[in-house]
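Residue numbers (this note's numbering): -11 to 169. Ideal placement from N, C-alpha and C gives every residue a C-beta, glycine not left out. Notes to accompany the following structure.
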Amino acid sequence: MKVKLVSEKRFDTLFCGSDHMLLELILYTHIGGYSHGHSSNGRFFYRDDIVKTQDTLKALECAEDLKTATNEFYKAQRDRTWVIISTLRKYETWAEHAADRKVVESESRAAQRWEDIQQRFRDIGYIDEDITAIKSHPNVKSDTPLTNQGWGQAKKVRIDKCQGTALSDACTKYMRTLRLT
């Protein structure tokens, strides 16, 4: 497991004498800033990756054609890093679009369920004012398709609200008659 993140700012103090260009050959993360409780725009590198790249560069110094071998290594590492970063950006975009699509589909299913419930209530004789009283109920706001069981629950909620309103109105009328006498 990779441990010990090194920030870009502390690279010079932790790796004295190393070229700062070395960091362009290594993948970085922004996670280091978040793990310390604050947002960060800085880049964080794994210490193991830095050491591994330094060791590879030292091994290349022993090659016959030092300049060509080093340049090929730099180019290969830089290309690999940029391919990974661009692929990561594509996946991030894809994940954002997938999340947005999921929300839209959920809202669409909830709207369809509401339309189905309204239609069934209209079929049995309710008017729109009676139906809208249950719109905020969790059973009605669900994003699952309407089934017979779901319809039974929605119908029960509407009947309970109607009876509650009717009982409340009757109680109010009764209380008003008591006050007058």
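Legend entry - Where V(-6) falls, given that 16 or more other Cβ within 10 Å makes a residue buried: Buried, by the Cβ-count rule.
Legend entry - Rounded separation between D53 and L76 - CA only: Rounded to the nearest whole angstrom, the CA to CA distance from D53 to L76 is 35 Å.
Legend entry - contact_flag[the segment 29 to 37, the segment -5 to 8] where n(CB pairs < 8 Å) is 3 or more: A contact exists between the segment 29 to 37 and the segment -5 to 8.
Legend entry - First through last residue of the alpha helix (DSSP H) which encompasses Y62: Unbroken alpha helix (DSSP H) run through Y62: 54 to 111.
Inset, instruction - Identify every residue that forms a DSSP beta bridge with S(-5). - result: As computed with DSSP, S(-5) is found in a beta bridge with F32.
Inset, instruction - In the DSSP assignment, find the alpha helix (DSSP H) that holds E117 and state where it starts and stops. - result: Residues 116 to 119.
Legend entry - Separation of V91 from N136, as counted between CA atoms: Near 25 Å, if we compare the C-alpha coordinates of V91 and N136.
Inset, instruction - Assign I72 to one of two classes, buried (16 or more other C-beta atoms within 10 Å of its C-beta) or exposed (fewer than that). - result: By the 10 Å Cβ count, I72 comes out exposed.
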